Amino acid sequence: MSIEENVQVVKDFFAAISGGDKQRLLELCAEDIEWIIPGDSWPLAGARRGHAGLTDLLQTQSETVETSLTQPSEFVAQGDRVLVIGFAKGRIIATNKTFEDDWVFAITVHNGKVSNIREYIDTQALARASAPA
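Shown next as structure tokens:
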């Protein structure tokens, strides 16, 4: 696929997330997708694999974090990799603490499907918001 087509897959992926369209999101992801979120002191940290892992991540997110993702501000692509730059504000439900997060997603698109996501986020801000008072 071309770089432009890979970027469009990623844009469609973010549109499905922001629209809450789980079925479309699964259609856009490879069966063996891997999504890695760094850290260990907040609910979404860890590696998730496959559609089951993606579904688990979405469920965990909806139960533990309220997030307001702005539209990604920039897409930088080379080959099958698309870097997406954005900003989010949110609240950890269990602690009622808020956070702000500048983030970068490094996304690999293979055969027209999102196959790997590695988030680069402010893990310290999220861990602080997740810590009990």
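For reference, each letter of the sequence shown is one residue, going 29 to 161 in the numbering used here. Built from N, CA and C at the ideal position, the CB exists for glycine as well. Quantities reported herein were computed from a predicted structural model and do not represent experimental measurements.
In the displayed model, L72 falls within coil according to three-state DSSP, outside both helix and strand. Of the candidates D40, I145 and A134, A134 places its Cα closest to the Cα of V104.
Around the beta carbon of E91, a 10 Å sphere encloses fewer than 16 other beta carbons of the protein chains shown; the residue is thus reported as exposed. In this structure, the beta-carbon distance from I120 to S96 does not fall below 8 Å. In this structure L72 does not touch L82 by the C-beta definition: roughly 12 Å separates them, more than the 8 Å allowed.
The continuous stretches of alpha helix (DSSP H) do not include Q99, and DSSP gives it neither H nor E. Here the alpha carbons of N124 and I61 stand approximately 31 Å from one another. Taking 8 Å as the cut-off, the Cβ atoms of G67 and T136 do not count as close.
DSSP, read as helix, strand or coil, puts D49 in coil.
Closest option to L154, judged by alpha-carbon separation, among A58, N139, V142 and A122: A122.
Leaving aside the five residues that flank I113 on each side, the residues in its chain whose CB is nearer than 6 Å to its CB run, in chain order, S101, E102 and V132. Spanning the alpha carbons of F42 and G78 requires a straight line of approximately 18 Å.
The continuous alpha helix (DSSP H) containing D84 extends over residues G78 to T92.
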